[in-house]
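Numbering (the UniProt record's numbering), first residue to last: 1 to 556.
All residues carry an ideal CB built from backbone N, CA and C; glycine is no exception.
Nothing here was measured: the structure is a model prediction, and the numbers come from that model.
Below is one structure; the comments refer to it alone.
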Amino acid sequence: MTKIAYLDCPTGIAGDMCLGALIHAGLPLEYLETQLRRLGISHEYTLRVETVQRNGQSATKLHVDLNALPDPEALAHREPGVDVHSTFQRAYTQPHSNDLSDDLTNQSINQNTVEPYSGKYLDSHSHLHSHQSHSHTHESDFSDDSASHFHPHPHKHPVAYPHSLDNTTGAISDSEHPSHVLASHHHAGTRHLTDIEQLILAAGLSPRAEAWSLAVFRQLAIAESAVHGIPIEAVHFHEVGATDAIVDIVGTCLGLDWLGIEQLYCSAMPTGGGTIWAAHGRLPVPSPAVLKLWELRQVPVYSNGIERELVTPTGAAIATTLAASFGPPPPMTLTRVGLGAGGRDLPIPNILRLWIGESSELGAGSWAYRQAAHTAPSGISLPQSARAVASTAELGANSQVTVLETQIDDANPQAIAYTLESLLAAGALDVFTQPVTMKKSRLGTLITVICPIDLAEICKAVLFRETTTLGIRESVQQRTILDREIQTVETEFGEVPMKLGKHPVSGELLNVQPEYEDCAKIARDRQVSWCDVHRAALRAWEKRNPKPYLRAESAH
């Protein structure tokens, strides 16, 4: 049986709620802390877990207390022998409290969009990271009993503002304008997508956790680039790139991997309501980034009547990247439930519920079979959903891609297989191998990777890390692709998704084929031949669409 999980989001989703639910479900805090230290930013935060009550229900609340960073000039003139990291922890730690003024000021404040880093800190893992420290002072006597953790957007905010489920403060009213807040704080500075990707790749995480983390941040960057009308590489991760968001996203991926989750599903999302403060003034809830993420995955949404921001960009990115589909729970045998608390009480328990169990025997045509184009073919075993969104958002009918090639004559075939899986997980559009004869007449393997241009560096890093190659050839090529659409047909074996290929200009249908993985799953479940399922799907399609299609008929 497949180990699956279901995110039940009656009051929305945020990164810290995901981590709280995973810890409540059995993820050891010690393991999480150890793995996160690999990122080399542990001097920037402290993890804290507590058990809280939400409308009479006990749940786990995770806090990421951000540690203020010292002035780079002060570091340059510190006494000899003083350890930088212990200094961070001892002298500059300012843990969050349950006061909104603390929450609002534990992020740096910067209105610029794309700036290079200044100041460099070498962490204990010898990963070189760049930091741009900021400090800003606000004046206010306002406080609120919000939780100690928040995730702002990757927008260009004049001031940081809380999201109601990362700390569950809710939409901010006029009297709660963040410019009223008093504090001074040095922060880790601006991070761009490539910086975050390099941080994750250098950490040496498990392959699944690494691939999922990269995919979540890329999904978020795609949404932000669409919202702001800028290239992905120009997206300014001033706030989503902040320490607590990295901890939430990478930590969630680590937790799902540790628990052995093979497929993830998610409920419909509550829209919330009210307004939030951003660089352009007050914005309606849901935020633009969340709306774009929902649109990219065609997420079902509804109103639960709660006028607060219930879904944060971080939470939305995690769900829309890793969930195979959205809706009611799949057939499963429930073995464990993890409860992750939001920061304040709401009319209904402010808890993200993570259902964990084994997939039940599924009959033909069951809910678990994919029914729409936005559903990933294999859950989170590889972040296919993120690759599909990236392909749709970044690559048109005529587009450019990067092609990477390397020849290897001394690699274990098992290592090559693992490399191909890692490349696909990192976002490659396609990967294939060819046998070649190399110099000295040695048999070798040519690995070819096709990927979006902005993923070339990640794919090259995977090749260098996982193979024995000493060099990679790189070229940019033009490609033409058909528009794709998924439709389902009913067969004697159940519903089967069909992939349609259409001319990008005329819309003419040029190709119809059943989805391989769906046919394979049905064949295994029904104990029948894959060919029987494949042929039945084509017959059902042709019966519903009498007009003959050469490619579909030739498959017989």
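{"query": "Once you ignore the five residues that flank Asp345 on each side, which residues in its own chain have a CB closer than 8 angstroms to its CB?", "result": "Arg54, Asn55"}
{"query": "Go ahead and label Ala434 buried or exposed: buried means 16 or more other beta carbons lie within 10 angstroms of its beta carbon, across all protein chains shown.", "result": "Per the sequence shown, residue 434 should be read as Gln rather than Ala. It is exposed - the Cβ of Gln434 has fewer than 16 other Cβ atoms within 10 Å."}
{"query": "Any chance the segment 411-431 sits against the segment 443-454, with 3 or more Cβ pairs inside 8 angstroms?", "result": "yes"}
{"query": "Leaving out five residues before and five after Cys266 in sequence, what residues of the same chain have Cβ atoms less than 6 angstroms from its Cβ?", "result": "Leu7, Ala319, Ala323, Phe326"}
{"query": "Is it a yes or a no for the segment 210-224 touching the segment 289-299, going by three-plus beta-carbon pairs under 8 angstroms?", "result": "yes"}
{"query": "Could you tell me which residues DSSP puts in a beta bridge with Val337?", "result": "Trp355"}
{"query": "Compute the Euclidean distance between the alpha carbons of Gly274 and Gly12, then round it to the nearest angstrom.", "result": "15 angstroms"}
{"query": "Please name the residue, chosen from Leu500, Leu296, Ala461, that lies closest to Thr469 on a Cα-to-Cα basis.", "result": "Ala461"}
{"query": "Which of the three DSSP states, helix, strand or coil, is assigned to Ile230?", "result": "coil"}
{"query": "For the alpha helix (DSSP H) that Ala61 lies in, which residues bound it at each end?", "result": "The sequence shown places Lys at residue 61, not Ala. No alpha helix (DSSP H) holds Lys61; the beta strand (DSSP E) holding it covers 57-66."}
{"query": "Assuming Ile486 is part of the beta strand (DSSP E), what are its boundary residues?", "result": "483-491"}
{"query": "Note down the Cα distance separating Ala540 from Trp530, rounded to an integer number of angstroms.", "result": "15 angstroms"}
{"query": "Report the three-state DSSP secondary structure of Leu201 (helix, strand or coil).", "result": "helix"}
{"query": "Is it the case that the segment 228-235 contacts the segment 276-285, given that we only count it when at least three CB pairs across the two stretches are under 8 angstroms?", "result": "no"}
{"query": "Can you tell me whether DSSP reads Met17 as helix, strand or coil?", "result": "helix"}
{"query": "Taking all protein chains shown into account, decide if Gly342 is buried (16 or more other Cβ within 10 angstroms of its Cβ) or exposed.", "result": "buried"}
{"query": "Should Ala221 be counted as a contact of the ligand HEM given a C-beta to heavy atom distance under 8 angstroms?", "result": "Ligands displayed in this structure: none; no statement on the ligand HEM is therefore possible."}
{"query": "Around the C-beta of Gln57, are 16 or more other C-beta atoms found within 10 angstroms, so that it is buried, or is it exposed?", "result": "exposed"}
{"query": "Taking just the CA atoms, how far does Ala203 sit from Ser422?", "result": "15 angstroms"}
{"query": "Using only CA atoms, which one of Gln35, Thr321, Glu358 lies nearest to Pro330?", "result": "Glu358"}
{"query": "List the residues that DSSP assigns as beta-bridge partners of Gly444.", "result": "Val436"}
{"query": "I'd like to know whether the C-beta of Gln414 is nearer than 9 angstroms to at least one C-beta of chain C.", "result": "No chain C is present in this structure, which holds just one protein chain."}
{"query": "Enumerated in chain order, which unbroken segments of the alpha helix (DSSP H) with a length of 4 residues or greater are wholly contained in the segment 217-302?", "result": "243-258, 288-297"}
{"query": "What three-state label does DSSP hand Ala425 in the structure shown?", "result": "helix"}
{"query": "By the DSSP assignment, the alpha helix (DSSP H) with Gln527 in it spans what residues?", "result": "Note, Gln527: premise wrong, no alpha helix (DSSP H); not H, not E."}
{"query": "Going straight from the alpha carbon of Ile4 to that of Gly260, what length do you get?", "result": "9 angstroms"}
{"query": "Are the CB atoms of Gly315 and Ile23 nearer to each other than 9 angstroms?", "result": "no"}
{"query": "Counting only the same chain and skipping the five closest in sequence on each side, list residues whose C-beta sits under 7 angstroms from that of Val247.", "result": "Leu36, Tyr45, Val64"}
{"query": "When you compare the CB positions of Leu199 and Arg191, do they come within less than 9 angstroms of one another, or not?", "result": "yes"}
{"query": "Grab the span of the beta strand (DSSP E) containing Glu466 for me, first residue to last.", "result": "Taken as a continuous stretch (DSSP letters only), Glu466 belongs to no beta strand (DSSP E), being part of the alpha helix (DSSP H) at 456-466."}
{"query": "Closer than 8 angstroms by C-beta to Gly471: which residues in its own chain qualify, once you throw out the five before and the five after it? Chain order, please.", "result": "Thr406"}
{"query": "Cα-Cα, which of Glu515, Ala317, Ile450 is closest to Met269?", "result": "Ala317"}
{"query": "In terms of alpha-carbon separation, which member of Ile481, Pro497, Leu39, Arg526 lies closest to Val505?", "result": "Ile481"}
{"query": "Going by DSSP, what residue range makes up the beta strand (DSSP E) through Ile4?", "result": "3-8"}
{"query": "How many angstroms separate the CA atom of His186 from the CA atom of Ser42?", "result": "Residue placement at His186 cannot be trusted, given a pLDDT of 38 that sits under 50; the coordinates are not used to answer."}
{"query": "Pick out whichever of Phe493, Thr488, Ala520 has its Cα sitting closest to the Cα of Val512.", "result": "Thr488"}
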